[in-house]
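Asker:
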Amino acid sequence: LPTDKQVKSSTSGYELLSHMQLAGLKVNSIERKITTVSGGSVQLRINDIVASTAQVQALRPDEVLRVEYIDNPGVRYADTEVEAVINYIVRRAESGISGGVSFTNAVTTGFGDDNVYIRATHKLSQFGLNYYLSYRDYDDRKVDEEQMFSFTEAKERRRELIGISTPFSYQDHSIEASYNLTKPEKYIFNAVFTENIYNSPHGDYGQLIKETEQKDLYNYTRSEYNYHSPSLDLYYKKFLLHDQFLALNVVGTYIGSDYEREYSEAHSEAGAPVSSYDYGTDGSRYSLIGEGIYQKTFDKITLTGGIKYMQAYTHNRYTGDVNESAEMHNSSLYGYVQAQGKWAKLNYSLGIGASRQDFDESEEGFTFYMFRPMLSLSYPVFKGASLRYNFTCSPSVPSLSALSDIRQQTTDLEVNRGNRNLKPYRSYINRLQLSWGNKRVSFQLSGGHRISKNPIMEQIKCVSQPDGSYIIEYGIDNQKRFTQWNGRLYTNINVIPDLLSISLYGGFNSFESKGNSYLHHYTAWYVGGDASLNYKNFSLYGSIGNRYNSLYGESIDYGEKNSVIQCSYKWKNMSAGIGVLYPFTPAGWSAGWKLMSERVQKKSWTYIKNNANMVVLTFSWNFNSGLKHKTEEKLMNNVDRETGIAR
Numbered sequence: 001l002p003t004d005k006q007v008k009s010s011t012s013g014y015e016l017l018s019h020m021q022l023a024g025l026k027v028n029s030i031e032r033k034i035t036t037v038s039g040g041s042v043q044l045r046i047n048d049i050v051a052s053t054a055q056v057q058a059l060r061p062d063e064v065l066r067v068e069y070i071d072n073p074g075v076r077y078a079d080t081e082v083e084a085v086i087n088y089i090v091r092r093a094e095s096g097i098s099g100g101v102s103f104t105n106a107v108t109t110g111f112g113d114d115n116v117y118i119r120a121t122h123k124l125s126q127f128g129l130n131y132y133l134s135y136r137d138y139d140d141r142k143v144d145e146e147q148m149f150s151f152t153e154a155k156e157r158r159r160e161l162i163g164i165s166t167p168f169s170y171q172d173h174s175i176e177a178s179y180n181l182t183k184p185e186k187y188i189f190n191a192v193f194t195e196n197i198y199n200s201p202h203g204d205y206g207q208l209i210k211e212t213e214q215k216d217l218y219n220y221t222r223s224e225y226n227y228h229s230p231s232l233d234l235y236y237k238k239f240l241l242h243d244q245f246l247a248l249n250v251v252g253t254y255i256g257s258d259y260e261r262e263y264s265e266a267h268s269e270a271g272a273p274v275s276s277y278d279y280g281t282d283g284s285r286y287s288l289i290g291e292g293i294y295q296k297t298f299d300k301i302t303l304t305g306g307i308k309y310m311q312a313y314t315h316n317r318y319t320g321d322v323n324e325s326a327e328m329h330n331s332s333l334y335g336y337v338q339a340q341g342k343w344a345k346l347n348y349s350l351g352i353g354a355s356r357q358d359f360d361e362s363e364e365g366f367t368f369y370m371f372r373p374m375l376s377l378s379y380p381v382f383k384g385a386s387l388r389y390n391f392t393c394s395p396s397v398p399s400l401s402a403l404s405d406i407r408q409q410t411t412d413l414e415v416n417r418g419n420r421n422l423k424p425y426r427s428y429i430n431r432l433q434l435s436w437g438n439k440r441v442s443f444q445l446s447g448g449h450r451i452s453k454n455p456i457m458e459q460i461k462c463v464s465q466p467d468g469s470y471i472i473e474y475g476i477d478n479q480k481r482f483t484q485w486n487g488r489l490y491t492n493i494n495v496i497p498d499l500l501s502i503s504l505y506g507g508f509n510s511f512e513s514k515g516n517s518y519l520h521h522y523t524a525w526y527v528g529g530d531a532s533l534n535y536k537n538f539s540l541y542g543s544i545g546n547r548y549n550s551l552y553g554e555s556i557d558y559g560e561k562n563s564v565i566q567c568s569y570k571w572k573n574m575s576a577g578i579g580v581l582y583p584f585t586p587a588g589w590s591a592g593w594k595l596m597s598e599r600v601q602k603k604s605w606t607y608i609k610n611n612a613n614m615v616v617l618t619f620s621w622n623f624n625s626g627l628k629h630k631t632e633e634k635l636m637n638n639v640d641r642e643t644g645i646a647r
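Just so we're aligned, residue 1 is where the sequence shown starts under the working numbering, counting upward by one.
(1) Does the contact criterion of 3 or more C-beta pairs under 8 Å hold for the region 109-129 versus the region 433-447?
(2) Answer yes if the region 177-197 comes into contact with the region 135-147, meaning at least three C-beta pairs across the two stretches below 8 Å, and no otherwise.
(3) Ends of the beta strand (DSSP E) at Gly657?
(4) So, with DSSP's three-state summary, where would you put Gly384?
(5) Going by the DSSP bridge assignment, what does His267 pair with across the sheet?
(6) Residues in the same chain with beta-carbon distance under 6 Å from Lys603, minus the five sequence neighbours each way, listed in chain order, please.
(7) So, does the region 418-429 touch the region 364-375, judging by three or more C-beta pairs under 8 Å?
(8) What is the DSSP secondary structure of Tyr425, reduced to helix, strand or coil?
(9) Just the C-alpha distance for Pro586 and Asn613, rounded to the nearest angstrom, thanks.
(10) Here's a check: name, in chain order, each residue in its chain whose Cβ is nearer than 6 Å to the Cβ of Ile657, leaving out the five neighbours to either side.
(11) Give me the Cα-Cα distance between Val250 and Ala524, rounded to the nearest whole angstrom.
(12) Should Ser673 and Leu504 be called a contact, given that it needs their Cβ atoms to be closer than 9 Å?
(13) Is the beta carbon of Tyr470 closer than 9 Å to that of Glu458?
(14) Which stretch, first to last residue, makes up the alpha helix (DSSP H) that contains Tyr14?
(15) For Asn406, which residues from the same chain have a beta carbon less than 8 Å from its beta carbon, with the 5 sequence-adjacent residues on both sides left out?
(16) Note down, in chain order, each residue of its chain lying with its Cβ closer than 8 Å to the Cβ of Arg599, except the 5 sequence neighbours on either side.
(17) In three-state DSSP terms, what is Lys630?
(18) Please confirm whether Gly100 and Phe482 have their CB atoms less than 9 Å apart.
(19) Give me whichever residues DSSP pairs with Tyr132 in a beta bridge.
(20) Whole angstroms are fine: how far does the CA of Thr36 sit from the CA of Thr302?
(21) The alpha helix (DSSP H) spanning Leu595 covers which residue range?
(22) For Lys652 versus Ser287, is the C-beta distance shorter than 9 Å?
(23) Less than 9 Å separating the beta-carbons of Leu17 and Val67?
(24) Decide if Ala272 is buried, meaning its Cβ has at least 16 other Cβ atoms within 10 Å, or exposed.
(25) If the criterion is Cβ atoms closer than 9 Å, does the pair Ser355 and Ser396 meet it?
(26) Tell me whether Arg76 sits in a helix, a strand or coil according to DSSP, three-state version.
(27) When you compare the region 215-231 with the region 187-207, are there three or more beta-carbon pairs, one atom per stretch, that lie closer than 8 Å?
(28) Determine whether the beta carbon atoms of Tyr336 and Gly290 lie at a separation below 9 Å.
(29) Would DSSP call Asn316 helix, strand or coil?
(30) Kindly indicate the opening and closing residues of the alpha helix (DSSP H) around Leu403.
(31) For Ser452 and Ala402, what's the separation of their Cα atoms in angstroms?
(32) How many angstroms separate the CA atom of Glu364 from the CA atom of Gly579?
(33) Using the Cα positions of Trp605 and Pro398, report the straight-line distance between them to the nearest angstrom.
(34) Going by DSSP, what residues sit across from Ala58 in a beta bridge?
(35) For Gly353, collect the residues of the same chain with a Cβ closer than 6 Å to its Cβ; drop the 5 residues on either side in sequence, then sort them by chain order.
(36) Within the chosen definition, does the region 374-393 reach the region 229-244 through at least 3 CB pairs nearer than 8 Å?
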């Protein structure tokens with residue numbers, strides 16, 4: 001439950017969540033990003049309707065009754081990548097018009113997240129229109145890299161690639177039109193039309209290649225990616241007698257995508273190429289998703305059952321050095337049942353799901369069957385403390401692009417390729433958590449274990465060419481196993497109630513990646529924290545955290561550092577503020593990865609200096625005319641974001 005101070009100091013759903021400091025979440029209200037501490041995805045909902053970035057930004061904190069935090073989503077989410085769910089329960093206007101604007105823009109850098117919305121309510125109907133724009137335009141982005149290729153025991157090549165500043169930019173537009181018709185305790189009808197337009201003209205980078213006994217070379221990679229995705233979402237919920245309901249959802253989506261990549265090497269930065277590789281993809285995808293949910297609540301138990309079906313058609317035309325077309329029909333059927341209740345002091349949730357995945361590409365078919373059980377037990381061990389155990393069996397299926405056998409040569413020495421022989425695999429996850437808290441202090445101590453049997457991971461090999469040369473082929477295959485142990489401690493302290501609170505967290509991850517021809521171990525520690533100060537109409541928020549590093553296959557990912565400071569002043573329905581992203585970091589934003597293959601060793605770091613000590617200004621204004629009422633909730637939202645293209 002947000003406090004009055006937290007509500008008063010916030011102007012959006014993101015700011016409210018940052019001041020609430022929920023355990024296990026990382027909130028960046030300036031960049032409008034919410035993830036788990038481990039970097040996992042968080043699904044955001046408003047009255048159980050899955051909400052977009054624009055809708056959460058337009059959310060008025062004074063309308064929020066409570067925030068539901070699900071850090072262990074049930075079996076209904078088992079076929080998604082969601083690690084947590086945030087559901088804002090809000091009041092709605094009964095009549096009249098409400099709207100507002102929200103702007104976040106950097107002073108000297110091309111950085112902005114802007115939103116405009118309006119809602120009109122009359123009797124049982126509510127109409128809404130929302131526009132959101134997110135853009136980045138950097139001119140100082142570079143990629144440094146170290147490489148060693150071991151083609152044979154006697155033939156090795158070591159190279160240093162020194163990054164050259166190149167542009168990076170994108171614009172992400174979202175337009176939403178919605179209609180809601182609600183008759184309380186009878187039915188709900190909700191319709192949303194959304195058009196997403198994404199344009200990234202510059203994902204470029206250049207490098208100076210230095211190699212012993214070789215002339216210096218300059219490489220340049222030009223990358224452009226665009227897509228637009230209109231979708232129509234229709235939802236209907238019918239309330240039945242005796243605490244029952246039936247909900248139906250149908251979503252139709254089209255995704256048109258265009259990807260181009262050009263790589264060239266030359267003896268001078270502006271010289272004629274001595275080698276070049278062009279690659280492009282023109283993709284179209286049509287999908288239809290339908291889902292139904294039935295729920296019955298008894299005195300001590302709630303039963304939920306559902307079924308979800310998806311049918312899609314994807315056509316990709318590959319151009320440039322690759323001139324091929326790929327067509328794929330795929331469908332999935334997922335059914336599940338779940339029971340939630342209480343037996344004596346023990347709270348439990350037990351769910352079982354089963355799915356069938358069908359792929360048909362170029363007259364070659366694949367069918368995968370998967371079983372998804374989940375169990376959650378919670379018991380109060382003493383006053384203010386509870387112990388919880390979760391078990392999940394999570395199957396994973398190959399992506400459309402992974403199953404595509406398109407061969408893409410990226411440089412003189414390297415080529416990418418998919419694998420049509422991939423099989424799904426299972427991950428078994430166990431988690432134990434002890435929680436304790438009072439009005440001033442709370443903490444969570446948790447530990448977990450994950451093991452994946454026959455996971456899909458890298459398979460890198462050296463391939464000889466007809467002319468006697470060698471080339472490195474980057475592929476994927478089902479390997480032997482992947483194991484992860486983790487532990488985390490989270491503490492929240494209300495130093496001065498309703499004025500100053502501090503949260504601290506720390507943990508470790510230990511990984512083992514066993515392939516068919518490799519074995520890697522890696523252990524990483526992470527720490528972080530945030531502070532929230534609210535005094536009268538002023539609010540100050542800051543957070544900091546080191547990199548969250550992880551191993552998978554033969555690669556270590558070095559995540560980004562997290563640091564932000566934000567100060568704002570709120571007057572009536574207006575708020576103005578100033579913030580700094582990545583303060584005290586002269587190099588700006590950075591992230592990297594390391595490849596440890598027997599045939600290829602690489603270490604790569606990407607830097608965006610424009611983000612260093614980036615000052616942003618914020619402004620928001622909301623207006624509302626009308627009384628309040630409760631708009632009934634939508635319980636499901638389905639969306640298709642899979643383009644299926646190999647990039």
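Just so it is clear, CB atoms sit at the ideal spot from N, CA and C, and this is done for glycine as well.
Every value quoted in this text rests on a predicted model; they were computed, and no experiment measured them.
Answerer: With the structure as the only source:
(1) The region 109-129 is not in contact with the region 433-447.
(2) No, they do not touch.
(3) The structure shown does not extend to residue 657, since the chain is modelled only from 1 to 647, so the question has no answer here.
(4) Within the sequence shown, the letter at position 384 stands for residue 384. It is coil, neither helix nor strand.
(5) Counted from its first residue, the sequence shown places residue 267 at position 267. DSSP output for His267 lists no bridge partner at all.
(6) Along the sequence shown, one-based indexing puts residue 603 at 603. Cβ neighbours of Lys603 beyond the five flanking positions: Glu146, Lys594.
(7) Contact between the region 418-429 and the region 364-375 is present: 3 or more CB-CB pairs across the two stretches fall below 8 Å.
(8) The count along the sequence shown starts at 1 and reaches residue 425 at position 425. DSSP, read as helix, strand or coil, puts Tyr425 in strand.
(9) Position 586 of the sequence shown, counted from the start, is the residue given in the question as residue 586. Position 613 of the sequence shown, counted from the start, is the residue given in the question as residue 613. So the alpha carbons of these two residues sit roughly 7 Å apart.
(10) Absent from the model: residue 657. The displayed extent of the chain is 1 to 647, so no value can be given.
(11) Numbered from 1 along the sequence shown, position 250 holds the residue referred to as residue 250. Numbered from 1 along the sequence shown, position 524 holds the residue referred to as residue 524. Their backbone Cα atoms lie some 43 Å apart in a straight line.
(12) The structure shown does not extend to residue 673, since the chain is modelled only from 1 through 647, so no value can be given for it.
(13) Your numbering for residue 458 matches position 458 in the sequence shown. Your numbering for residue 470 matches position 470 in the sequence shown. No.
(14) The count along the sequence shown starts at 1 and reaches residue 14 at position 14. Judged by DSSP secondary structure, Tyr14 falls within the alpha helix (DSSP H) whose first and last residues are 13-20.
(15) Against the sequence shown, residue 406 aligns to sequence position 406. In the sequence as presented, Asn is not what sits at residue 406; that position holds Ile. The answer, listed in chain order, is Tyr318, Val322, Glu324, Ala326, Arg417, Gly418, Ala646.
(16) Here residue 599 refers to the residue found at position 599 when the sequence shown is read from its first residue. Excluding sequence neighbours, Arg599 sits near Phe149, Ser150, Phe151, Ile460, Lys461, Cys462, Ile472.
(17) Translated into the one-based positions of the sequence shown, residue 630 becomes position 630. Here the model assigns Lys630 a pLDDT of 47, short of 50, so the residue's position is not dependable, and the following value carries that caveat. Annotated three-state conformation of Lys630 is coil, per DSSP.
(18) Locating residue 100 in the sequence shown gives position 100, where the first residue counts as 1. Locating residue 482 in the sequence shown gives position 482, where the first residue counts as 1. In this structure, Phe482 does not lie closer than 9 Å to Gly100 by Cβ.
(19) Start at 1 with the first residue of the sequence shown, and residue 132 comes out as number 132. Partner(s): Asn115, Ser174.
(20) For this step, residue 302 is matched to residue 302 along the sequence shown. For this step, residue 36 is matched to residue 36 along the sequence shown. Roughly 28 Å separates the two Cα atoms.
(21) Residue mapping note: residue 595 aligns to position 595 of the sequence shown, counting from 1. Where Leu595 is concerned, there is no enclosing alpha helix (DSSP H), although the beta strand (DSSP E) it sits in stretches over 589-596.
(22) Look at the range of the chain in this structure, 1 to 647, and you will see that residue 652 is not part of it.
(23) Taking the sequence shown and counting its residues from 1, one reaches residue 17 at position 17. Taking the sequence shown and counting its residues from 1, one reaches residue 67 at position 67. It is a contact, given that the beta carbons lie within the stated cut-off.
(24) The residue labelled residue 272 in the question sits at position 272 within the sequence shown. Ala272 is classed as exposed because its beta carbon has fewer than 16 other beta carbons within 10 Å across all chains shown.
(25) As a first step, residue 355 must be located in the sequence shown, where it is residue number 355. As a first step, residue 396 must be located in the sequence shown, where it is residue number 396. No, the Cβ-Cβ distance between Ser355 and Ser396 is not below 9 Å.
(26) In the sequence shown, residue 76 corresponds to position 76, counting from 1. In the structure shown, Arg76 adopts helical secondary structure according to DSSP, grouped into three states.
(27) Three or more Cβ pairs drawn from the region 215-231 and the region 187-207 lie within less than 8 Å of each other, which places the two stretches in contact.
(28) In the sequence shown, counting from the first residue as 1, residue 336 sits at position 336. In the sequence shown, counting from the first residue as 1, residue 290 sits at position 290. Not a contact, by the Cβ cut-off of 9 Å.
(29) The residue you call residue 316 lines up with position 316 of the sequence shown. The DSSP-derived three-state label of Asn316 is strand.
(30) Walking along the sequence shown from the start, residue 403 turns up at place 403. Unbroken alpha helix (DSSP H) run through Leu403: 400-403.
(31) Translated into positions along the sequence shown, residue 452 becomes position 452. Translated into positions along the sequence shown, residue 402 becomes position 402. Ser452 and Ala402 have their C-alpha atoms roughly 18 Å apart.
(32) On the sequence shown, residue 364 is found 364 positions in, with the first residue counted as 1. On the sequence shown, residue 579 is found 579 positions in, with the first residue counted as 1. The straight-line gap from Cα to Cα measures roughly 54 Å.
(33) In the sequence shown, residue 605 corresponds to position 605, counting from 1. In the sequence shown, residue 398 corresponds to position 398, counting from 1. Trp605 and Pro398: Cα-Cα distance of roughly 28 Å.
(34) The sequence position of residue 58 within the sequence shown is 58, counting from 1. Beta-bridge annotation (DSSP): Ala58 is not paired with any residue.
(35) For the purposes of this step, residue 353 is identified with residue 353 of the sequence shown, where counting begins at 1. In its chain, beyond the 5 residues on either side, Val75, Ala78, Tyr336, Arg372 have a beta carbon closer than 6 Å to the beta carbon of Gly353.
(36) Contact between the region 374-393 and the region 229-244 is absent, with fewer than three C-beta pairs closer than 8 Å.
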